[in-house]
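Taking the numbering used here, the leading residue of the first sequence gets 37, the next gets one more, and so forth. Below is one structure, written out as structure tokens; the observations come after it.
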Amino acid sequence: MSEDQGFAAVILYSFPKLEEIERVWCQGEIRFPYIPGFLAFREIPLLLQAFAKLRHCPDLILADAHGWAHPKRAGLACHQGVILNVPTIGCAKSLLVGKYKLPGLKKGSNSPLMDGKEVIGHVLRTRTNVRPIFVSCGHRVSLATAVRLTLECCDGYRIPKPLRQADRWVKQLRILHTSIHNT
DNA sequence: GCGACAG
DNA sequence: ATCTTGTCGC
């Protein structure tokens with residue numbers, strides 16, 4: 037009935053204190069299948085609707101996807117940043133393209149993510165003894181700055197707080213919607 | 001041809 | 001992404 041419906045959530049935080057400022061969400065139709073390398077075409081439309089509801093203009097966006105670390109150097113984080121003209125960082129939980137050596141086990145350790153001879157991102161240990169995440173440039177942020185800012189958004193968990201909280205919220209919205217739909 | 005493949 | 005059982009680290 038509503039299997040093609042999706043949710044998008046954005047939560048704005050202060051930096052570096054990471055105190056919540058504002059949160060917005062939206063629901064809408066998903067018109068594009070998930071195809072690796074084409075995630076932006078599936079998720080950007082709803083994301084833009086959510087960002088349009090924001091009353092404050094963000095200084096930085098952390099995207100739950102790759103940026104430069106994409107076969108065409110054009111992951112969702114790049115789309116997002118270009119369209120909104122906001123500095124953006126790609127923070128992905130798993131690999132799309134590239135090869136790497138695992139970084140050291142301590143929080144903050146990182147190693148380059150290579151596609152041939154090119155550094156396309158950094159593999160970053162955001163929490164000691166936990167598998168790393170993949171950080172890459174989205175828009176108007178250098179890789180070194182992307183790594184530093186991502187790390188500063190990690191409050192003891194693997195996933196940066198803004199992404200972790202937005203992900204948690206969007207799942208709650210999903211459950212709430214389903215439960216109301218079946219009542 | 002085969003495998004790999006963000007969310 | 002989701003589902004599910006067991007295991008490990010803090």
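We put the beta carbon where it would ideally sit given N, CA and C, even for glycine.
Given a cut-off of 8 angstroms, decide if Leu-90 and Pro-198 are closer than it, judged by their beta-carbon atoms. no
Do Ser-147 and Lys-137 have their C-beta atoms within less than 8 angstroms of each other? yes
Does the Cβ-Cβ distance between Gly-140 and Arg-161 come in under 8 angstroms? yes
With distances taken from CA atoms, which of Leu-185, His-115, Ile-66 and Gly-111 is nearest Ile-156? Gly-111
Alpha-carbon to alpha-carbon, Ile-195 and Ile-169: 8 angstroms
Going along the chain, which unbroken runs of the beta strand (DSSP E) with 3 or more residues stay wholly within the stretch 74-111? Taking only runs of at least 3 residues, the beta strand (DSSP E) segments lying wholly in the stretch 74-111 are 97-99.
Of the listed residues Phe-87, Lys-135 and Phe-43, nearest to Asn-121 (C-alpha basis): Phe-87
Closer than 6 angstroms by C-beta to Ala-44: which residues in its own chain qualify, once you throw out the five before and the five after it? Chain order, please. Cys-62, Leu-82, Leu-83 and Ala-86
Could you spell out where the beta strand (DSSP E) holding Leu-132 opens and where it closes? Careful: Leu-132 lies outside any beta strand (DSSP E) and carries neither H nor E.
Which two residues bound the contiguous beta strand (DSSP E) that contains Val-171? Per DSSP, Val-171 belongs to the beta strand (DSSP E) from 169-175.
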